[in-house]
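J.: In this text, residue positions in the sequence shown follow numbering that gives the first Met the number 0: the first is 0, and each later residue adds one.
The beta carbon of each residue, even a glycine, is placed where N, CA and C say it ideally should be.
First the structure, then my questions, so here it is.
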Amino acid sequence: MSNAEHTAQRIHDAFRVHEKAFLALTGEAPGRFAERDWHGLQRQAAQRLDLYAQAVGTIAATLSKHGDHPPDRDRWTRTRESYAALAASDANPELARTFFNSVTRRVFDTTGVDAATEFVDAVTVLPEVIDRALLYEHPVTGSATELVRAVLAHYDLGAPYAQPEGDAALAGLQIDNWLRHQPGRAPLERVQTLRSVFCRNKGCYIVGRLVTCGDWNPFVLALTHGDRGIEIDAVLMDENDVSVLFSFARSYFQVLTEQPRQMIAFLRSIMPLKPLAELYISLGFHKHGKAEQFRALAAHLERSEDRFESAAVDKGMVMLVFGLAGYDLIFKVIRDRFAYPKRVTRKQVRERYELVFRHDRVGRLVDAQEFEQLRFRRDRFSPELLEELLAECGSTVEDDGETLTFRHLYTERRVTPLNLYLRNADRESGRRALLDYGRAIKELAAANVFPGDFLLKNFGVTRHGRVVFYDYDELCRLSDCRFRELPPTRHDEDEFSAEPWFGVGANDIFPEEFRRFLGLPKALRSSFETHHGDLFRVGFWKDLQERHRAGEVVDVFPYPARRRLRPQGL
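Here is the structure:
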């Protein structure tokens, strides 16, 4: 065996070890759901996020210790060729290649893309036919209630159902109602469900599709586990509802699969608009999802003449934001200097993005993928953006006259800033968005997250009409805040003073003051107060703090209340 072959084998062995560790940890999730070990599920999810970096770091350090550093590039090209043969026999060659690229970039400290040492042109091709071994098949032979009962019978979740007959009847009614509202659709033939359940936070999901004469529709049973046992909490058969369940603003699922490409092909059949990168990320393969995201960006740049432009958002004090017209990603670079009154440091900003990465995002925090040493052609940037990048982000952006190298940046899905959305929306659409803005703040608080800055410009509206938060430089844990009532004024003029007449600590928050700076449209303030006036009272925030301190994992359901079989909850 040559040196190149030996190195390839060692990297491939490291990948297989990582793969086994990932599967082993993921496989613990259903048991924790059965035990109602919600904190254990959260710890397990955070632990799984670390596995990839640990595996890459370990093998890269081993190779550097026992070989040339930096290694010979020609020999590494041969290593890549040997590794390609090993990866080709894997069930998941795309994941194996991404692992090799990660090791390569660590060993060589690569800037940009190096076609001589990395897999650059590899394309993930989803299978056209789903492996039936991944599925349970449920032919329709009776009523919808009997169909749901048959589905549940396949899943032993390690704990009893509270009322399986009642749940099956209620879920069956939902299916019957859906069928009645499908005029001209062929009769339901069967239901296919993935054998592995999807676990996240306090929920467990049976994911499948309704099959009608070669066509299909999403079918998801959302399960909860309360004091009485496991229950079907909701039935999701709308593509938008299922897409939101797999949203880029949610934490990653824990679902056991040795064939992610097959599973993603199935998911793509019920969510055809969902980007490939997002599906990989949603299943916990975030490094490969990031690779797919960059590959899609590179392909877009190759087939278009679009230029990077400043994003159509209010300029931030901490981040410089830019994008490509019509492309669904935006790019965020930390500025060299932060304007007053911002007091955070670059290190603190990165720590807060890391907190978002590791925390439960409850569908309200946009997933941010972190990139290093990205390189783009200089002529793909507008003159105005180029000037701003070099003036404001010179410590991060390097210009060699032909290319720009970004030592560090984040990518996020593009959303419409809430302040701009409200400016252009009709009254009813604006009202719905503003009420969802209030719900977003409350759901973040339920997840022990305080946004810090509630300004409308820091929130956005997705294509599904959901409000999400994306400005993380002042974000913190709710439990770290100190919520206070405003002290009474000493003199009449105190109320109009620019400076407070009382001492204010670093973590002090005065909810009564939110009204003054939120910038709510006048026409919608009354409606917002009616539904979310408790946000302006200290009691709301302190109550949630007490629940978090008591160890409660507060319920936040990833689907509309109208989809729940029993909206009153557990």
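#1: Between which two residues does the beta strand (DSSP E) carrying His-137 extend?
#2: May I have the straight-line CA-CA distance separating Thr-25 from Leu-384, to the nearest angstrom?
#3: Taking 8 Å as the cut-off, does the stretch 14-31 touch the stretch 70-81 (at least 3 CB pairs, one atom from each stretch)?
#4: Since Trp-540 sits in a beta bridge, which residues does DSSP pair it with?
#5: Looking at the strands, I want to know which residues DSSP matches up with Trp-215.
#6: Report yes or no: do three or more beta-carbon pairs, one from the stretch 412-422 and one from the stretch 353-362, lie closer than 8 Å?
#7: Which whole-angstrom value is the C-beta distance of Ile-205 and Ala-161, which I expect to be below 8 Å?
#8: Could you round the C-beta distance between Arg-336 and Tyr-471 to whole angstroms and report it? I think they count as a contact, below 8 Å.
#9: Evaluate Cys-198 with the Cβ neighbour count: other Cβ atoms within 10 Å of its Cβ, from every protein chain shown; 16 or more gives buried, anything less gives exposed.
#10: Should Gly-400 and Arg-374 be called a contact, given that it needs their Cβ atoms to be closer than 8 Å?
#11: Report the rounded CA-to-CA distance for Pro-566 versus Phe-556, giving the unit in angstroms.
#12: Whole angstroms are fine: how far does the CA of Arg-334 sit from the CA of Glu-528?
#13: Compare the beta carbon distance of Ala-167 and Thr-144 with 8 Å and say whether it is the shorter of the two.
#14: Give the straight-line distance between the Cα atoms of Tyr-279 and Asn-176, rounded to the nearest whole angstrom.
#15: Thr-223 and Gly-202 - do their beta-carbons sit closer together than 8 Å?
#16: Verify whether the separation of the beta carbon atoms of Phe-513 and Leu-534 is less than 8 Å.
#17: Rounded to whole angstroms, what is the Cα-Cα separation between Leu-22 and Ile-129?
#18: If you draw a straight line from the alpha carbon of Ala-185 to that of Thr-211, how long is it in whole angstroms?
#19: Tell me which residues share the same chain as Leu-227 and place their Cβ nearer than 7 Å to its Cβ, disregarding the 5 neighbours each side in the sequence.
#20: Assign Phe-509 to one of three DSSP states: helix, strand, or coil.
#21: Just to confirm the assignment, what range does the alpha helix (DSSP H) spanning Met-262 have?
#22: Report the rounded CA-to-CA distance for Ser-281 versus Arg-363, giving the unit in angstroms.
#23: Under 8 Å, do Val-190 and Pro-217 count as touching if we go by C-beta distance?
#24: Under the assumption that Ser-246 contacts Ala-44 (Cβ atoms under 8 Å), give the Cβ distance between them as a whole number of angstroms.
#25: Go ahead and pull the three-state DSSP assignment for Val-317.
#26: Comparing alpha-carbon positions, which option in Arg-96, Asn-91, Ala-311 lies nearest Thr-78?
#27: If we ignore side chains and look at the alpha-carbon of each, how far apart do Leu-443 and His-463 end up?
#28: Can you check which of these residues, Thr-461, Glu-545, Ala-432, Asp-554, is closest to His-531 by C-alpha distance?
#29: Just checking my contact of Leu-434 with Pro-450 at CB under 8 Å: how many whole Å lie between their CB atoms?
#30: Pick from Gly-56, Leu-296, Ile-329, Thr-395: whose alpha carbon is nearest that of Ala-311?
#31: Which term fits Ala-297, buried or exposed, when burial requires 16 or more other beta carbons within 10 angstroms of its beta carbon?
#32: Go ahead and pull the three-state DSSP assignment for Lys-19.
#33: Could you give the uninterrupted runs of the beta strand (DSSP E) lying entirely in the stretch 407-461, keeping only those of 3 residues or more?
#34: What's the gap between the Cα of Thr-116 and the Cα of Thr-103?
#35: Could you tell me the distance, in whole angstroms, from the CA atom of Leu-235 to the CA atom of Pro-382?
#36: Should Arg-412 be labelled buried (16 or more other beta-carbon atoms within 10 Å of its own) or exposed?
T.: On the basis of the coordinates in this document:
#1: 134-138
#2: 43 Å
#3: no
#4: Paired residue(s): none; Trp-540 is not in a bridge.
#5: Val-210
#6: no
#7: That pair is no contact at about 16 Å.
#8: For Arg-336 against Tyr-471, the beta-carbon gap comes to about 18 Å, at or over 8 Å, which does not count as contact.
#9: The residue in question, Cys-198, is buried, as its Cβ has 16 or more Cβ neighbours within 10 Å.
#10: no
#11: The straight-line gap from Cα to Cα measures roughly 11 Å.
#12: 36 Å
#13: yes
#14: 33 Å
#15: yes
#16: yes
#17: 21 Å
#18: Computed Cα separation, rounded: 6 Å.
#19: For the sequence presented, residue 227 should be read as Arg rather than Leu. Excluding sequence neighbours, Arg-227 sits near Ala-161.
#20: coil
#21: Note, Met-262: alpha helix (DSSP H), 259-269.
#22: 15 Å
#23: Cβ distance not < 8 Å, so Val-190 and Pro-217 don't count as in contact.
#24: Not confirmed; about 16 Å, so no contact.
#25: DSSP places Val-317 in coil when its eight states are reduced to three.
#26: Arg-96
#27: 19 Å
#28: Minimum Cα-Cα distance from His-531 among the listed residues Thr-461, Glu-545, Ala-432, Asp-554 corresponds to Ala-432.
#29: 17 Å between Cβ atoms; not a contact.
#30: Among Gly-56, Leu-296, Ile-329, Thr-395, the Cα nearest to that of Ala-311 is on Ile-329.
#31: exposed
#32: In the three-state reduction of the DSSP assignment, Lys-19 falls in the helix class.
#33: 408-412, 458-460
#34: Their Cα atoms are separated by approximately 7 Å.
#35: 48 Å
#36: buried
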